[in-house]
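As structure tokens, the structure follows; a few thoughts come after it.
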Amino acid sequence: MNLYNSLTRAKDEFKTHTPGRVEMYTCGPTVYHYAHIGNLRSYIMEDVLEKYLRYDGYDVNRVMNITDVGHLTSDGDTGDDKMLKGAKREHKTVMEIAKFYTDAFFKDCEKLNIKRPDVIVPATSYIGEFIKVISALIEKGYAYEAGGNIYFDTSKLEKYYVFNDFSEEDLAVGVREGVEADGNKKNKTDFVLWFTKSKFEDQELKWDSPWGVGYPGWHIECSCISMKNNGEYLDLHCGGIDNAFPHHTNEIAQSESYLGHPWCPQWFHVHHLNTDSGKMSKSKGEFLTVSLLEQKGYDPLAYRFFCLQSHYRRSLVFSYENLDNAASAYQKLLQKIAQIEDSGEIDAEKYAALKAQFKAAMDNDLNTSLAVTALYDVLKSDLSGTGKLKLIKEFDSVLSLGLLSAAEKLKANAGEEDIPAEISELLEQRKAARKEKNFALADEIRAKIASMGYIVEETREGTKVRKG
Ligand code: AMP
Ligand code: ZN
Numbered sequence: 040m041n042l043y044n045s046l047t048r049a050k051d052e053f054k055t056h057t058p059g060r061v062e063m064y065t066c067g068p069t070v071y072h073y074a075h076i077g078n079l080r081s082y083i084m085e086d087v088l089e090k091y092l093r094y095d096g097y098d099v100n101r102v103m104n105i106t107d108v109g110h111l112t113s114d115g116d117t118g119d120d121k122m123l124k125g126a127k128r129e130h131k132t133v134m135e136i137a138k139f140y141t142d143a144f145f146k147d148c149e150k151l152n153i154k155r156p157d158v159i160v161p162a163t164s165y166i167g168e169f170i171k172v173i174s175a176l177i178e179k180g181y182a183y184e185a186g187g188n189i190y191f192d193t194s195k196l197e198k199y200y201v202f203n204d205f206s207e208e209d210l211a212v213g214v215r216e217g218v219e220a221d222g223n224k225k226n227k228t229d230f231v232l233w234f235t236k237s238k239f240e241d242q243e244l245k246w247d248s249p250w251g252v253g254y255p256g257w258h259i260e261c262s263c264i265s266m267k268n269n270g271e272y273l274d275l276h277c278g279g280i281d282n283a284f285p286h287h288t289n290e291i292a293q294s295e296s297y298l299g300h301p302w303c304p305q306w307f308h309v310h311h312l313n314t315d316s317g318k319m320s321k322s323k324g325e326f327l328t329v330s331l332l333e334q335k336g337y338d339p340l341a342y343r344f345f346c347l348q349s350h351y352r353r354s355l356v357f358s359y360e361n362l363d364n365a366a367s368a369y370q371k372l373l374q375k376i377a378q379i380e381d382s383g384e385i386d387a388e389k390y391a392a393l394k395a396q397f398k399a400a401m402d403n404d405l406n407t408s409l410a411v412t413a414l415y416d417v418l419k420s421d422l423s424g425t426g427k428l429k430l431i432k433e434f435d436s437v438l439s440l441g442l443l444s445a446a447e448k449l450k451a452n453a454g455e456e457d458i459p460a461e462i463s464e465l466l467e468q469r470k471a472a473r474k475e476k477n478f479a480l481a482d483e484i485r486a487k488i489a490s491m492g493y494i495v496e497e498t499r500e501g502t503k504v505r506k507g
């Protein structure tokens, strides 16, 4: 497989430290609010990548953090504490907020068919690990104490800006207009590993440390959680493109200084979902969540389909019009699949050619939109129904659009639109009677429905009713 690597800025052949095994790390959500559908675009594409690697035969160990401490509104060390902001907004404790939004995140993931990572670690459960690594960084001369905080000293690195060749001036962190520069830093790119002195007097979560009571910076959590659960050699690190700098740049700085050797050779970044007025945000404009889409009548999997139709390295503009188009294409796709009859011999050659088309698309930098085209080509092909269904099942083990189950449901419900409300009502009553094992009543209701001109049938997919 060839995958674009932000480190080399090229499509590299995917390789792993241990043959056949992928150590994969994904930056998880900051759980101070619901995830917006932009955040979820990143998780959908990372899910497809993970599933494709498994499909390709790799054994994958996927690790994800949950940021419940340390993330400030600017990814540099300035601005408000996101978790505190969430707690204040809802008059709850930080831990209550963290629990609520962690659960909400995984519920959204479930609706979007995003698999749970193998290992999930909340940052607050790893304080001892952070202290261990920060202590080692101080000992090795990579970190210093200033004004009560511990900083990483970026001047100790041969190369700090690993992802791009921007000048230091362009990327100065924490000295944006209107934000006071942190006078404790020796270099403007230095970043906080441990806060003790901060403007957040009301910081709820604090822990004892060799440097005083305080809390960790945001970047250290991903380095520590990955090194502990993926081992010293990480194969693949994922996140949204905004994470590349400073977050991932700082992760590399810390991890490699701690380990004393290169850490992760492959970096996968998903580009942003934007609105037509710019970057998607939780505070400006309509707060687009999975629940909001559902309230508006969209199937969350139609949103997944919308994401798969475009390449992860292109920014994608969200509009209801675009989503409507995807939702109607998704419905049509399901209808076509629902019409396939499970019969006929499989022509092995045709089957292999269509499978190779899908694989070629995915092997070419995870080109999901061409993979979707391969799916349409299966439908258009003259492969037997059995062959088509088998290939759809195979492709969908990666795309996760719920194709076969949704098509089955469509089949089971086919024709129901024409059923009058009183018949549907009687069907519900009959269902309840059968559940209570009151078969006499169920039969009585069936007879009543028959007298109204409709026939009730029990099928493999459930109860069906049609005009007699
Ligand atoms: P956060 O909860 O802010 O830590 O972000 C969770 C993930 O969503 C990170 O990997 C971000 O890079 C990613 N992300 C943030 N905004 C967007 C966006 N508009 N489109 C796609 N991914 C995003
Ligand atoms: Zn991270």
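Read left to right, the sequence shown gives residues 40 to 507 (this note's numbering). From the three backbone atoms N, C-alpha and C, an ideal C-beta is built for every residue, glycine too. Bear in mind that the values here come from a model prediction, so they are computed numbers and not experimental data.
Short CB-CB distance (under 8 Å) between residue i and chain C
i             : result
glutamate 483 : Absent from the structure is chain C; it holds one protein chain and no more.
Within 8 Å, strictly: CB atoms of residue i and residue j
i                 : j                 : result
methionine 63     : aspartate 274     : yes
methionine 84     : proline 156       : no
glutamate 333     : tryptophan 250    : no
serine 81         : alanine 283       : no
leucine 176       : glutamine 305     : no
alanine 451       : lysine 503        : yes
phenylalanine 139 : proline 68        : no
threonine 366     : proline 255       : Per the sequence presented here, residue 366 reads as alanine, with threonine not at that position. No. Outside cutoff.
lysine 195        : lysine 154        : no
alanine 137       : valine 87         : no
threonine 1       : phenylalanine 202 : Missing from the structure shown is residue 1; the chain here goes from 40 to 507 and no further.
aspartate 120     : alanine 74        : no
histidine 130     : lysine 321        : no
tyrosine 190      : asparagine 223    : yes
isoleucine 170    : serine 248        : yes
aspartate 142     : methionine 122    : no
Whole-Å CB distance - residue i paired with residue j, under 8 Å assumed
i                 : j                 : result
lysine 267        : glutamate 168     : 6 Å
histidine 300     : tyrosine 351      : Not confirmed; about 29 Å, so no contact.
isoleucine 431    : valine 411        : About 12 Å separates the two Cβ atoms, so there is no contact after all.
isoleucine 105    : isoleucine 159    : 6 Å
lysine 225        : aspartate 192     : 6 Å
glutamate 243     : threonine 132     : 6 Å
cysteine 261      : glutamate 290     : 5 Å
phenylalanine 397 : alanine 413       : 4 Å
glutamate 271     : leucine 298       : 6 Å
proline 285       : phenylalanine 234 : Their Cβ separation, rounded to whole angstroms, is 16 Å, which puts proline 285 and phenylalanine 234 out of contact at 8 Å.
leucine 480       : alanine 472       : 4 Å
cysteine 263      : valine 172        : 5 Å
lysine 487        : leucine 465       : 6 Å
Sequence-distant residues of the same chain with beta carbon closer than 8 Å to residue i, five excluded per side
i             : result
serine 420    : Lys389, Leu393 and Lys427
glycine 59    : Gly96, Tyr97 and Asp98
tyrosine 493  : Ile458, Ile462, Val504, Arg505, Lys506 and Gly507
asparagine 78 : Pro68 and Gly279
leucine 362   : Leu332, Tyr337, Ala341, Tyr342 and Phe345
tyrosine 199  : Thr193, Thr228, Thr288 and Ala292
Close Cβ partners of residue i (< 6 Å) along its chain, the five nearest in sequence each way excluded
i              : result
tryptophan 257 : Gly109 and His110
aspartate 51   : Asn44
arginine 215   : With a pLDDT of 39 at arginine 215, under the threshold of 50, the modelled position of that residue is not reliable, and the figure given next carries that caveat. Correct list: empty, nothing qualifies.
alanine 49     : none
cysteine 303   : Leu273 and His276
leucine 442    : Ile376, Ile431 and Asp435
glutamate 433  : none
glutamate 496  : Lys503
isoleucine 101 : The sequence given here has arginine at residue 101, not isoleucine. So the qualifying residues of the chain are Met63, Glu89, Pro156 and Asp157.
serine 439     : Asn152
leucine 355    : Leu312 and Ser349
arginine 485   : Val495
tryptophan 246 : Ile166
threonine 55   : Val61 and Asp274
Cutoff 7 Å; reference residue i; Cβ partners in own chain excluding five residues on either side
i              : result
glutamate 384  : Ser423
proline 339    : Lys150, Leu151, Val329, Leu332 and Glu333
asparagine 403 : Asn41
lysine 318     : His311
glutamine 348  : Ala365, Ser408 and Val411
alanine 395    : none
glutamate 380  : Gly424
leucine 449    : Leu373, Gln374 and Ala377
glycine 125    : Tyr71, His72 and Ile136
Distance cut 5 Å, beta-carbon to the ligand AMP heavy atom: residue list by chain order: Cys66, Pro68, Thr69, Gly77, Asn78, Arg80, Ser81, Gly278, Gly279, Asp281, Asn282, His311, Leu312 and Met319
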